[in-house]
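A.B. asks: Residue numbers (the working numbering), protein chains in the order written: chain A, 511 to 830; chain B, 3 to 588; chain C, 119 to 425.
Below are the structure tokens for one structure; questions will follow.
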Amino acid sequence: MRTYIIRRLLQMIPTLIGISIIVYAISAMIPGDYITALNNPNMTDERAEQLRAIYGLDQPQYLRYFTWAKSMLTGDMGDSFQHKKPVMEVVNEYIWNSFIIAFASLILSWIIAIFAGVFSAKFQYSLFDKLITLFVFICMSLPSFFLGLLLIRIFALSFGWLPVGGMTTAGTKAVGWEYIMDVLKHGVLPITVLTMLSTGSLTRYFRTSMLEVIRQDYIRTARAKGLKERTVIFKHALRNAMIPAITLLGFELPALFGGAIITEKIFVWPGIGHVYLNAINMRDYPFMLGFTILLAVLTLIGNLLADVLYGLADPRIRLK
Amino acid sequence: MRKKWWGFIILTLSFALMLGACSGGNNSAMPPTTNSGENANTPTESGETSPESDTEATEGFIEAADMSLNPLAAANRTDTVIIGTTDPKGVFNPLFMETSYDYYINYAIFDSFIEVQADGTYTNSLAEKVDISEDGLKYTYHLKPGVTFSDGTPMTVKDYYFTLKLYMDASYDGQSDPLSWHIVGANEYNEGKSSEISGVKIIDDHTVEISLTEYTALTPVELGNMYVLPEHYYGKEYKQGNLDGVKKLNNKPLGSGQYKLVSYSPGQEVVLESNESYFRGTPNVKNVIFRTTSETTSMPMLQQGETDMQDGMSVTEDNVEALKAMGFVDISLLPNNGYGYIAFNHKLPKFSDVKVRQALVYGLNRKEIVQGVYGPYGNVINIPQSNVSWAYTDENIEPYEFDLEKAGQLLDEAGWTLNSKGLREKDGEVFKINFSATADNPVVDALLPIMTQNYKELGIEIVAETLDFNAVMDKSNTGEYEMYFAAWGLTPDPDNTVYITNGSQNDYGYSNPKVDELMDKGKKTLDIEERKAIYKEMYQELNKDVPVILMYQRKNMVAVNGRLDGFDISPYKDFPFSLYQVKIAQ
Amino acid sequence: MATEVTTMTRQTVSSATVSESPWRIAIRRFSRNKLALGGLIILIIMFLICFIGPFFSPYNLYDYSLVSKNKPPSAAHWLGTDKLGRDILLRVMLAGRISLLVGVVATAITVIIGGTLGAIAGFYRKQVDSVIMRITDIFMSLPSLPILIILGAVMSDLKVPPPTRIYYLMFIIGLLSWTSLARLVRGQILTLREQEFMLATEALGLKDRRKIFRHLLPNTVPIIIVAATLSVASAILYESSLSFLGLGVIPPTPSWGNLIADANNLIDFRKRPWLWIPPGVCILVTTVAINLIGDGLRDALDPKMKR
């Protein structure tokens, strides 16, 4: 196993180099640059040229790639054009806000999905199963901004229980526990939306896996041995139904840090998602590239973790 | 399949782009530049240009009807004003700011010698007096006595000189073009050949003299509307040729303005506190918070009293109606300082004929398009200038009312005759237009069906595509297009390079010697009455020659909780300038 | 833990030896499944309405009428009108042409590429797995938004006729979304190939292709079907977001996702439900129908189901 992990880590190097080249090429091919994106009606051609020279946008692409790759290796992602400060600083300002809601919804949605999936499978075609299925599809058929609007309408406007948006009360000076409660109150709606979005598909996966496993002979054997139904389902069946779950869990790692743009935007949650979107729209290359690479690394690690977990879940799998 | 993070990213473009729909997906704002001193102008909030509305006022000020409806959350906030805006980028330094939302914060924190007034002209602010020499090449600024920065340090003209140096630095990468101000010795400083700017003479702590090599009508604003940064604070970190140290202080600004920065939480809020040593006296409201809102939440937040004011709410009949229904909100409807247009590529033979261009304007039902998008809150324009600008004219301006017959006639005259299939044809070429539009623009939604229908009746085929905003701009820069739709902002001064031959902003390949001549004359004239006459002639020429199809000028809306009084807002004067006058009614 | 796993015996080799081909059995079983048939019929009806319906409408795509904008359902406009006074019913039907195709084509590509690559990687392991999975990693790391912007610009430069660009888009959506399915299928196959029935196929000396496509892949059908169902709905919604990049449909041509997105403010949400309910219901019905078909397919392909 250890050699496997080491080999996989080594493989990451060429993969990352490949990703960096492709990602850089993409940014080079994308029409327009930061100067055109500014669309400043006062900008003269001469000033535009000066600015391109200052930003290094006038260099040949391959040179710019090497300059960029070299500083990336030293951990320097450069300065964001828009924010006029180091990319890492900007990332650090926003990413943890995204993490808070993404993590909360990850926990919630996995717990809910496991229970809903298991019961839905256990009582296949029951009313409960049908209701769950319908609910899941409704969540999937409406874009997230609609779920957001719906929740704002009900909980913030009609009942007035929760704030419409933001992460804290304006100008709050709260610290410690009070601050946590304030953030939590503001977080309820966005976390609910994210949970609704991801629980649906997870439930479908778990239900299907459970259905498969429940039909297996060894479950029948376990039941025949007179084991309690709860033990059979949660101990024997669930564990074997988790293989697809491991793959899905691997995808969660980049998702935790990637930001959920629409949801964050609707609830004015200060996450990284819309900063990244803005960077793309404004052709803020240092931020765009830096953050993309960061997510790429997380993706690779997430997939590696999933592969390692396969081996642990099913020792017969020989990943070499 | 689980929706992945990048799935969400794309989905949200709607929201992101919507905010900048008309300026085109970016937040750039224009530093105000206009002629100073003169006060010949039109009032901006009088509603004198009323378009096709029947009963309701579609411009101006609508006062809150019933303050008893004010939510408690707002009514109980006695020393704090919360303003909803799009989030600033955290560039709290006038040198480097790029988005309007950073401008807002900087307007409140910094001051300059002169400041903009509601009518778009300038008045003295930090300056006691401004002297301009006869030949227009020497400016003398007299600083008011007793001005201090918010840390108590007195301001002198040395701070002004220091700020000028920062602008002239080689590593300066902000939006201004300081070398075009033509200050004597600026280039030497920029190139590092000199450590001082020879054209700046400090006479005493309160008097500074600037010498120029050249002047234009914009010079008074370029020099006078420069925000003054304290040398004792920013100077510690500055070495000629390297502004990194100054940039590091972007999130800890220090100025002499109405307010000072208390805290900044990225993406959430900017908390300001009144500057007790402000030279006009301590502002009335102690705390001002700029809170980030989004298109969807701005209205409910105002309604719940979570914000007191919302900047840049989109003007739709629905929104105006909803705000009126709230009862406790004052609504200002102001003409937006910008316009939408359809560009021709003049390098194509079919568009180089003025008759064809005129026909395409007559043949397009612009009124219906504008009404379909903005209802009563937008009007068709026929010159590229705001109807509240001092340079605006409607004298001898052809309104180009929708007239298919006339359009057909003009096309016939231009040699584009109908063929057997009912299509226009000339020398074997069928009239077909490839049209590029920016994606996710509400105007495009209405423009495309109407335009396609209208031109089909004329016998012209429209092949439309929609593209990412930057992709359209890229096509525009490289000239690889036939026709596109876009919108942009106007500078307060009528001088620009949009319609002059080979102008920086002229991507259409348009050239008209008469326009060139008049624009040049306008730029070199200082007297506003003379300039008015020059620009009138220029706009009449543009109106006849149709360099682009001008579409509309729309309204902007600012919604303010009725408990606040004292804002002085106009298309030229953004709300933060008058923050210090604002009072909370008890 | 190991004890349970080793007792796991899945499909037996029976399917390889029975006389009737498993696919024919599947078809027979499927046609007996009422729910699944119902789903198929609903989907066919949706297709028919969307592709034939507009010919019976008194309106056409370019019609607009500002006097009758934002009107609720009436005799003239059964589902009301939008902000330009266009008939919602016609727009929902026209939108369906695009959305149904996008959903189905993108999903088909996802399933074909993701299923095949996942199965090959999981079956051969070692270098093959390494190479395929690293390619998957790279695809997963690519920022799709910039890629799509470039694609839009390239198609414009190549003067691809705008109305046909949506077809390229369907392929691109598929090409960008097969990765997670590939990883899911591979994960399943990694466990499946260690089971007894695979030893049996080994003993029988079956060809690799037969092992993969006849014995391993059918066992991953349930997971593929879930992924496919979910992907239809998300591809339909995804398309609408691409229109903002100028890559999706070009106005005035609608799609279901765009119709909903047009109503994305609280006022339309509350005051004009006819703007978003019809397209929302259409996406829902399509998803449910495809899910029913999927469940039917799974049961039909499952050798252990006795009917």
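The beta-carbon is built from N, C-alpha and C at its ideal position, and this holds for glycine as well.
These numbers come from a predicted model, not from an experiment.
#1: From the DSSP output, read off the bridge partner residues of B/Ser513.
#2: Quick check on B/Thr88: does DSSP put it in helix, strand or coil?
#3: Do C/Val112 and A/Thr718 have their CB atoms nearer than 8 Å?
#4: From the DSSP output, which residues share a beta bridge with B/Asp567?
#5: Give the secondary structure of B/Lys140 by DSSP, where H, G and I count as helix, E and B as strand, and everything else as coil.
#6: Rounded to a whole number of angstroms, what is the C-alpha to C-alpha distance between C/Leu166 and C/Pro172?
#7: How about B/Tyr582 and B/Tyr280: do their beta carbons lie closer than 8 Å?
#8: If we cut at 8 Å on Cβ distances, does C/Pro336 have a partner in chain B?
#9: Could you please tell me which residues of the region 91-110 of chain B, in chain order, have their CB closer than 7 Å to any CB of chain A?
#10: For B/Glu403, which three-state DSSP category applies?
#11: Could you check what DSSP says for B/Gly430 in three-state terms: helix, strand or coil?
#12: Could you name the residues of chain B that C/Tyr180 contacts, counting a contact when the two beta carbons are closer than 7 Å?
#13: For B/Asn29, count the other beta carbons within 10 Å of its own beta carbon; 16 or more makes it buried, fewer makes it exposed. Which is it?
#14: With B/Gln312 as the anchor, note down where its beta strand (DSSP E) starts and where it stops.
#15: Measuring only between beta-carbons, confirm whether C/Asp255 sits less than 8 Å from chain A.
#16: Compare the C-beta of A/Phe744 with all C-beta atoms of chain C and state if any pair is closer than 8 Å.
#17: Distance check for B/Phe94 and B/Val251, CA to CA, integer angstroms please.
#18: Taking 8 Å as the threshold (C-beta atoms), are C/Asp255 and A/Asn813 in contact?
#19: C/Phe387 versus chain A: which residues are under 9 Å apart at the beta carbon?
#20: Would you mind working out which of A/Cys649, A/Met553, A/Ala631 sits nearest A/Val455, comparing C-alpha positions?
#21: Between which two residues does the beta strand (DSSP E) harbouring C/Pro391 extend?
#22: Report, in whole angstroms, the separation of the C-beta atoms of A/Met677 and A/Pro780, which I expect to be a contact under 8 Å.
#23: Take A/Ile622 and list the residues in its own chain whose beta-carbon comes closer than 6 Å to its own, dropping the five residues that flank it on each side.
#24: Within 8 Å of any Cβ in chain A, is that where the Cβ of C/Thr405 sits?
#25: I need the straight-line Cα distance from C/Trp392 to B/Leu366, nearest angstrom please.
#26: Taking C/Thr355 as the reference, which of A/Phe629, A/Tyr544, A/Phe767, A/Ser651 has the closest Cα?
#27: Between C/Ala346 and the rest of its own chain, which residues show a CB-CB distance below 7 Å, the 5 nearest in sequence each way excluded?
#28: With 8 Å set as the bound, which would you pick, yes or no: does the beta-carbon of A/Ser630 sit closer than that to a beta-carbon of chain C?
#29: Take C/Arg416 and list the residues in its own chain whose beta-carbon comes closer than 7 Å to its own, dropping the five residues that flank it on each side.
#30: Against chain C, with Cβ distances strictly below 8 Å, would B/Asp405 count as a contact?
#31: Which same chain residues, not among the five before or five after B/Gly374, have their C-beta less than 8 Å away from its C-beta?
#32: Could you please give the first and the last residue of the uninterrupted alpha helix (DSSP H) stretch that includes B/Pro337?
#33: Could you tell me the distance, in whole angstroms, from the CA atom of B/Ile536 to the CA atom of A/Ala563?
#34: Would you say B/Thr468 and B/Ala441 are within 8 Å of each other, going by their C-beta atoms?
#35: Using a beta-carbon distance below 8 Å, is A/Tyr689 in contact with chain B?
#36: Name, in chain order, the residues that DSSP records as bridge partners for B/Ile464.
C.D. replies: Based on what the coordinates show:
#1: Taking the second sequence and counting its residues from 1, one reaches residue 513 of chain B at position 511. In DSSP, B/Ser513 forms no bridge with anything.
#2: Counting from 1 along the second sequence, the entry for residue 88 of chain B is found at position 86. B/Thr88: coil per DSSP, three-state reduction.
#3: What the structure shows of chain C is the stretch from 119 to 425, and residue 112 of chain C is not part of that stretch, so it cannot be assessed.
#4: Looking up residue 567 of chain B in the second sequence gives position 565. Answer is B/Lys585, bridged to B/Asp567.
#5: Working through the second sequence from its first residue, we reach residue 140 of chain B at position 138. Correct three-state label for B/Lys140: strand.
#6: The residue given as residue 166 of chain C occupies position 48 in the third sequence. The residue given as residue 172 of chain C occupies position 54 in the third sequence. Taking the straight line joining both Cα atoms gives about 10 Å.
#7: Walking along the second sequence from the start, residue 582 of chain B turns up at place 580. Walking along the second sequence from the start, residue 280 of chain B turns up at place 278. Contact: yes.
#8: Numbered from 1 along the third sequence, position 218 holds the residue referred to as residue 336 of chain C. So no, C/Pro336 is outside the interface.
#9: Lys91, Gly92, Val93, Phe98, Glu100
#10: Position 401 of the second sequence, counted from the start, is the residue given in the question as residue 403 of chain B. Three-state result, B/Glu403: coil.
#11: Locating residue 430 of chain B in the second sequence gives position 428, where the first residue counts as 1. The answer is coil: DSSP assigns B/Gly430 none of H, G, I, E or B.
#12: The residue labelled residue 180 of chain C in the question sits at position 62 within the third sequence. Identification of chain B residues near C/Tyr180 by a Cβ-Cβ cut-off of 7 Å yields Pro451, Thr454, Gln455, ordered along the chain.
#13: For this step, residue 29 of chain B is matched to residue 27 along the second sequence. Its pLDDT being 33, under 50, B/Asn29 is placed unreliably in this model, and the coordinates cannot settle the point.
#14: Against the second sequence, residue 312 of chain B aligns to sequence position 310. Segment 311-315, the beta strand (DSSP E) holding B/Gln312.
#15: Numbered from its first residue, the third sequence carries residue 255 of chain C at position 137. For C/Asp255, the answer is yes, since a Cβ of chain A falls inside 8 Å of its Cβ.
#16: Your numbering for residue 744 of chain A matches position 234 in the first sequence. Closer than 8 Å: no.
#17: Along the second sequence, one-based indexing puts residue 251 of chain B at 249. Along the second sequence, one-based indexing puts residue 94 of chain B at 92. Before going further, note that residue 251 of chain B is Leu rather than Val in the sequence given. Distance between the alpha carbons of B/Leu251 and B/Phe94: 8 Å.
#18: Residue 813 of chain A sits at position 303 when you count from the first residue of the first sequence. Residue 255 of chain C sits at position 137 when you count from the first residue of the third sequence. The Cβ atoms of A/Asn813 and C/Asp255 sit closer than 8 Å to each other.
#19: Within the third sequence, the letter at position 269 stands for residue 387 of chain C. Residues of chain A passing the Cβ test: Phe656, Leu659, Leu660, Arg663.
#20: Absent from the structure is residue 455 of chain A, since the part of chain A shown begins at 511 and ends at 830.
#21: Looking up residue 391 of chain C in the third sequence gives position 273. Taken as a continuous stretch (DSSP letters only), C/Pro391 belongs to no beta strand (DSSP E), being part of the alpha helix (DSSP H) at 391-419.
#22: Reading the first sequence from its first residue, position 167 is the one you call residue 677 of chain A. Reading the first sequence from its first residue, position 270 is the one you call residue 780 of chain A. Yes, they are in contact, since the Cβ atoms of A/Met677 and A/Pro780 sit about 6 Å apart, within 8 Å.
#23: Taking the first sequence and counting its residues from 1, one reaches residue 622 of chain A at position 112. Closer than 6 Å at the Cβ level, and outside the excluded window around A/Ile622, lie Thr709.
#24: Taking the third sequence and counting its residues from 1, the one referred to as residue 405 of chain C is at position 287. At least one CB atom of chain A sits nearer than 8 Å to the CB of C/Thr405.
#25: Working through the third sequence from its first residue, we reach residue 392 of chain C at position 274. Working through the second sequence from its first residue, we reach residue 366 of chain B at position 364. When rounded, the distance between both Cα atoms is 31 Å.
#26: Against the third sequence, residue 355 of chain C aligns to sequence position 237. Before going on, a small fix: residue 355 of chain C reads as Leu here, not Thr. Checked all of A/Phe629, A/Tyr544, A/Phe767, A/Ser651; the closest Cα to C/Leu355 is A/Ser651.
#27: For the purposes of this step, residue 346 of chain C is taken as the residue at position 228 of the third sequence. So the qualifying residues of the chain are Thr225, Val229, Gly412.
#28: In the first sequence, the residue the question calls residue 630 of chain A occupies position 120. Judged by the 8 Å Cβ criterion, A/Ser630 is not in contact with chain C.
#29: By 1-based counting over the third sequence, the position of residue 416 of chain C is 298. Closer than 7 Å at Cβ, skipping near neighbours: Val339, Pro340, Ile343.
#30: Translated into positions along the second sequence, residue 405 of chain B becomes position 403. So, not an interface residue.
#31: For this step, residue 374 of chain B is matched to residue 372 along the second sequence. The beta carbon of B/Gly374 sits closer than 8 Å to the beta carbons of Ala448, Ile452 from its chain, once the five residues preceding and following it are set aside; these are given in chain order.
#32: If you number the second sequence from 1, residue 337 of chain B lands on position 335. Here B/Pro337 belongs to no alpha helix (DSSP H); instead the beta strand (DSSP E) covers 331-337.
#33: Position 534 of the second sequence, counted from the start, is the residue given in the question as residue 536 of chain B. Position 53 of the first sequence, counted from the start, is the residue given in the question as residue 563 of chain A. Cα to Cα, the separation comes out at about 37 Å.
#34: The sequence position of residue 468 of chain B within the second sequence is 466, counting from 1. The sequence position of residue 441 of chain B within the second sequence is 439, counting from 1. Yes, the Cβ-Cβ distance between B/Thr468 and B/Ala441 is below 8 Å.
#35: Position 179 of the first sequence, counted from the start, is the residue given in the question as residue 689 of chain A. Chain B contact via Cβ: absent.
#36: Position 462 of the second sequence, counted from the start, is the residue given in the question as residue 464 of chain B. Beta-bridge pairing by DSSP links B/Ile464 to B/Ile435.
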